[in-house]
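Quick note on numbering: the sequence shown equals residues 56 to 941 in our numbering. For glycine and all other residues, C-beta sits at the position ideal for the given N, C-alpha and C. The model shown is predicted, which means the values in this text are computed figures rather than measured ones.
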Amino acid sequence: MNRVVILTLDGDLDSGIRVTLAWGTTDKSAEGKIMSWLAPNPEIYQLYTDWQQGYRNLEYFYRKPRLTPKGVYISSVKSCEQLVDELRNNINQWLNSRSHGFDQIRNQLTTELSRHRDTRVLIQTDNPQLQRLPWHLWDVWENNHDSVEFSLIPLEYQPTPETKLRNRVRLLAILGNSDGIDIETDRNYWQQVSSLDSSSCFLVEPTREELDQKLWENDGWDILFFAGHSYSECNDETGRIYINQEDSIIINELIPALKQAIKNGLKLAIFNSCDGLGLANALARLQMPQAIIMKEPVPDEVAQTFLRFFLEEFSQGKSLQKAVKIAQKRLHYLENRLDRKLPYATWLPVIYQHPKAQPWRWPVSGSLVKLLIKLALGTVAIVSIYGIYKIGTEPNKLGDKISSGEEILDTTSAPRFKQRSVKLLAKCQEPFRNYLGIWRQETRKKVRNCFWTKAHYKTAVELLKQSWQQNGADPETLIYLNNALLEAEGKNYYTIAVTIPIIDTPNQSEKDANGAQEIMRGIAQAQTEVNLGLFEVDNELIQQFPGKDFLNRKGINNRIGLRVVIADDANRDKEAKARASLLVKQSSILGVIGHWTSETTLAAVDTYQNGKLALIAPYAMTTELTTNPRNFLFRTVPTNEDETDSLVDHLLKIGQRQVAVFYTPQSSFSSYGWQKFKQKFETKGGRIIKVREYNLSKSNFNANKALKEVRKYKETALVLFPDAQITDAFKNSIELIKTNNGRNLIVGGWNLYSPHTLSIRDLKLLEKVVLFVPWHPQSSPNQKFTQDTDKLWHGPVNPTTAMTYDATRTLIKALEMSNKPTRKGIQKTLASDGFSADGATGAIEFESNGDRKNPPGELVHIVPCPKSFFGLAFVPLEYSSCDQKH
């Protein structure tokens, strides 16, 4: 008769815990149940955190013993021992308390243990702090510790699939990234198990697709073994594994495949791994019947020794719980040997199981004990992941031009409050391995402030709010403020990225960040709408938060926030491709918005395609992008074919049938625009005169010479298609407008819709300029967006901001439509027939090639506007005033 007690802990260390003790046999309902309360005890987890830091200090040494300074090692061990003594005292004082009648629970537990020697103890909680506590230090187990079998079980669960029977065991062994660790030994231990089915498979550094396909195999796998690197993420809610030299994935990305594998016979997951609690919690939500994890970083020798002893016992008929207990006890010699002790080895292995999982064992048949092993009541899955410990989202490196708040990318705006906040955020972005081997109060303080109290994030929130209030509405500040807010409150979030162009000026003495700021305004506004929706209006951290009193506040499915990573590609093709490669490697990123120009988008798009990461293009208009469709590319902006159609129709409508075209031949955007314009204009009876001085990108472009050629012909309009500031074409276009002196009609593309154009300041020079734009605030179909931008950014925004907002709302909608979003899932959602998102420009839907259905667009001209900075403003062509309402 197998006895079991279940200790259910509902609550947390900060506010107190409701405790229920139930006892009985494993095959029947509980014989009895009593309830009580445990008082709050935040100090206990702080002690555990301090011990954890000390232990992880040791991890540095026992991984690389040749680098070990002996004195520091001994000092760290002694520090850990002192903390364990404090932990033991605190735990026993807390759990032996008589308050709230908790002594009844202790007395009943003592009685049960004294009557039944081999009792299984199930600790039931979903709180990661309680899951990590060393419950074996409670003296209630003192007389029975060698025989008591501990397991963790979740509070919430659903039924598990029925057990499948198999004649022989099928093994799928995944040997992933092995940098710095020995996984060949693990493979040898498995190959010594002679009863494995001949169809068993070892995959060495597989791709994501190969792993996914193997998990989906109809025959199913009894054992899944993974050796590689891993760490927990998102407050121990999930975990990340490294399957090859470049790719890492979180368990959530394998949900469909793992569910199918469980249905096909996968019954037990063993994480013989570094920091495996997040991995186990993720699998528990998939109803994995049983798991074995290592709660903290594990040295190779401990992991391999545990695996060897476990397989010895398990393959000879011991129950899973008994096999783990014996293997755990046999680790004692590693803790106590004279040379190179490996302290706390016995603390690491923990069973994590489904509350309704059937107990089972691997049966042994007669004299064929070591040759024939048949599966009796269930199937086995063993996932062994050795790894280097990391915390949270893998940080960006300083200086890589990618930031979620740890460095300022837009150095044209770097006020002191923003600088101070970024320094704090940078501390919390450092890889945790940087702290290992350093036993200092400063290190402990940093861990506390970043990961437990979140003090650095909370301070950063206040500093960034001050920066916003005192130094203007800076969009980079608002993005970092949103990211810090999510971390400060421990909110769940999804991550997307945006690329921006911070451009070197010709003398490289300063930067042009106008385009970057326009882009960031759009994504920051949408991000703020999402994240404010996660908080009550009286929450202290969101007081005086930008947009709090007027933005539409709604979290993703009312519970998930949005984190934004910014990447600066400097508007250069090579840089764009490099940033794309880095973004693809960050598997937490579920979608990217960018790049600013058609050229940089073309340079980077295949990197996203190969990385299976959706790219939303809000600015790149060249039709070359979708000539060969890429299923991970979606465009929210009109194409240059839409642009030229509008310009041609306008010219013909006003009777202008003769033009001269100026463009950049080497630019895809510019040259495709020219080709589409020529094709349509000439088809409809228009005439294009040829001028030798047509190339706007020439450094020695001569506007006077160009106009002299044009004016040989009467009634000729100028058509300008400059590139997006990758050459001198934009500057030369402005010079051409000035030199024209208001004589000839000028039509052009969206990229001339710029403060630089208005800075000419002379209406006479600009009154004959007509431009195509995808959106204008005065005629916006979403006037709430226009009103919100006026309030948030202290004035109207331009089409770039609106198109970025559209792209962000598109990704937000896709995230809302996915229960557990993955990169592939986002792509499928965006490509689905019924997909539709609402943005600044109206409904956003996509054609089969990724182009936008019914793309927005209109023509604008320039009118006097005394309230604007330059005294001029772009307005819709049918409007005569900058004050005219929609």
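Asked                                                                                                                                                                                        : Found
Touch check for the region 871-882 and the region 588-595: three-plus C-beta pairs under 8 Å?                                                                                                : no
Flag this pair as yes or no: are the beta carbons of V60 and L76 separated by less than 8 Å?                                                                                                 : yes
What is the rounded straight-line gap between the Cα of K269 and the Cα of A228?                                                                                                             : 10 Å
Mind checking which residues open and close the alpha helix (DSSP H) that includes K733?                                                                                                     : 723-738
For L62 and Q413, what's the separation of their Cα atoms in angstroms?                                                                                                                      : 19 Å
State the DSSP-derived secondary structure class of Y674, mapped to helix, strand or coil.                                                                                                   : coil
Starting from the C-beta of N796, find all residues in its chain whose C-beta is less than 7 Å away, skip the five residues before and the five after it, and write them out in chain order. : L820
Here's a check: name, in chain order, each residue in its chain whose Cβ is nearer than 6 Å to the Cβ of S468, leaving out the five neighbours to either side.                               : D529
Taking contact to mean 3 or more Cβ pairs, one atom from each stretch, closer than 8 Å, check whether the region 680-693 and the region 882-895 are in contact.                              : yes
Do you know how far the Cα of T550 is from the Cα of C937?                                                                                                                                   : 38 Å
Which first and last residues belong to the alpha helix (DSSP H) in which L480 is found?                                                                                                     : 471-484
State the start and end residues of the unbroken alpha helix (DSSP H) segment that holds W196.                                                                                               : First-last for W196: undefined, no H or E at that position.
Return the chain-ordered ranges of every alpha helix (DSSP H) run that is complete within the region 851-881 and spans a minimum of 4 residues.                                              : 854-871
Excluding the five sequence neighbours on either side, which residues of its own chain have a C-beta within less than 8 Å of the C-beta of L210, listed in chain order?                      : T63, D65, Q179, T180, D181
Return the residue from the list T877, T865, W196 that minimises the CA-CA distance to P311.                                                                                                 : T877
Taking the alpha-carbon positions, what's the Q474 to A481 distance?                                                                                                                         : 10 Å
Return the CA-CA distance between G649 and I792, expressed in angstroms with no decimal places.                                                                                              : 29 Å
Based on DSSP bridge pairs, tell me the residues matched to E288.                                                                                                                            : T293
Can you tell me which of the three DSSP states K786 falls into?                                                                                                                              : helix
From A774 to I296, what distance separates their C-alpha atoms?                                                                                                                              : According to the sequence as given, residue 774 is Val; it is not Ala. The straight-line gap from Cα to Cα measures roughly 54 Å.
W149 to S458, Cα distance in whole Å?                                                                                                                                                        : 43 Å
So N327 and I347 are in contact, right, with Cβ under 8 Å, and what is the actual spacing, rounded?                                                                                          : 7 Å
Where does the unbroken alpha helix (DSSP H) through I578 begin, and where does it stop?                                                                                                     : 569-587
Going along the chain, which residues of its own chain have a beta-carbon closer than 8 Å to the beta-carbon of K125, five neighbours each way excluded?                                     : Here the model assigns K125 a pLDDT of 40, short of 50, so the residue's position is not dependable, and the following value carries that caveat. Result list for K125: empty, nothing under 8 Å.
Quick one: using the 10 Å Cβ neighbour count with 16 as the cut-off for buried, is L800 buried or exposed?                                                                                   : buried
For C505, does the three-state DSSP call read helix, strand or coil?                                                                                                                         : helix
Restricting to Cα atoms, I'd like to know which of T855, N586, K314 is closest to E542.                                                                                                      : N586
Quick one: Cα of V620 to Cα of K760, how far?                                                                                                                                                : 46 Å
Could you tell me which residues DSSP puts in a beta bridge with Q345?                                                                                                                       : L323, Q408
So, using beta-carbon positions, are Q184 and D67 closer together than 8 Å?                                                                                                                  : yes
What does DSSP give as the partner residue(s) for L617 in the beta ladder?                                                                                                                   : Y549
According to DSSP, I457 sits in a beta bridge with which residue or residues?                                                                                                                : A622
Classify A898 as buried or exposed, calling it buried when 16 or more other Cβ atoms lie within 10 Å of its own Cβ.                                                                          : exposed
So, at 8 Å on beta carbons, what are the nonlocal neighbours of Q163 in its own chain, with the 5 sequence-adjacent residues on each side left out?                                          : L76, W78, G87, I89
Give the DSSP bridge partners of A77, in chain order.                                                                                                                                        : I61, K88
Note the first and the last residue of the continuous beta strand (DSSP E) segment covering P183.                                                                                            : Taken as a continuous stretch (DSSP letters only), P183 belongs to no beta strand (DSSP E), being part of the alpha helix (DSSP H) at 183-187.
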